[in-house]
Amino acid sequence: MAGGGQRTAQYGPDSASAEELPESLAAEGITITVGDPEAPVKVHLYEDPRCPYREEFETTGGGLRLREAMLDRSARAEYTLASFLDDRVGGTGSKKAVNALRAALEEGKFVEYHEVLYANQPEESVDGYTDAYLLQLAGKVRGLRSPEFDAAVRSMKHRAFVAASQKAYEKAGGAKEPEGPGTPTAVINDKRIPLQLGGLLLESEAFATLLQKIHDEPGEWDDATL
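Here full-length UniProt numbering is used: the first residue of the sequence shown is 1, the next is one more, and so on.
Right under this line is the structure:
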């Protein structure tokens, strides 16, 4: 594993907070991993911080139940951060937000900052993730603001990561989706939830039921034809 500021597991009787979830950057330098690396259910999420459906997933949909599963160590999450909406809608907010999230990972605060960004997401059509707004939101995360973090946000320190992560997102779409698979997209234990079933990502209970079923009957999920 690589990446400065990575957090190791701190599970225990008082570990009820997302602040306790371990987080790190994968060895390939692109995928951000959260949760117990030994958890049997792996949920790989593709997201653009400006995507309103991703905000719905995180704040009222399946993201809430995924967080519970990560905290009880039955699931772990992986994130590929895209920034295609800047080109589609205009502006630089997605790229700036991805850069800031990478900077938060360097400080061991990715999980908390990720949660704050989606809880305070600007309208998709508004290029609202400015440096000033990203730093303002960082102030809501205890211990995140520092001269180093602020400089990383303002200077786009992680621009190479932003570009590489967008390319990884596009590659995930394969030949049929050369611009990327769309967001939100979830791949659970290496099997992608198809577009026609994508609505369950926004349904908290349905997503929780799916995660539990995959946890309890992994073989059936492996053999499922979606």
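In this text, a Cβ means the ideal position worked out from N, Cα and C, and glycines have one as well.
message = Can you check which of these residues, Y46, L144 and E112, is closest to E179 by C-alpha distance?
response = Y46
query = Is it buried or exposed for S17, if we count other Cβ within 10 angstroms and need 16 for buried?
reply = exposed
ask   = For G199, which of helix, strand or coil comes out of DSSP?
value = helix
message = Let me confirm a value: Q166 is counted as buried when at least 16 other C-beta atoms fall within 10 Å, else exposed. Which label applies?
response = buried
request  = Please say whether Y169 and T33 have beta carbons closer to each other than 9 angstroms?
outcome  = no
message = Once DSSP output is grouped into helix, strand and coil, what is the label at R192?
response = strand
Residues that DSSP places opposite S24 in a beta bridge = T33
Own chain partners of F149 with C-beta closer than 7 angstroms, once the 5 adjacent residues on each side are dropped = A103, E107 and A138
message = So for L134, helix, strand or coil by DSSP?
response = helix
ask   = Which class does Y113 belong to by DSSP, given the choice of helix, strand or coil?
value = helix
query = With burial defined as no fewer than 16 other Cβ atoms inside 10 Å of the residue's Cβ, what is the status of E112: buried or exposed?
reply = buried
request  = Could you check the C-alpha separation between G12 and A119 for me, to the nearest Å?
outcome  = With a pLDDT of only 35 at G12, under the threshold of 50, the placement of this residue in the model should not be trusted, and no figure is reported.
query = Between the C-alpha atoms of P194 and Q121, what's the straight-line distance to the nearest angstrom?
reply = 26 angstroms
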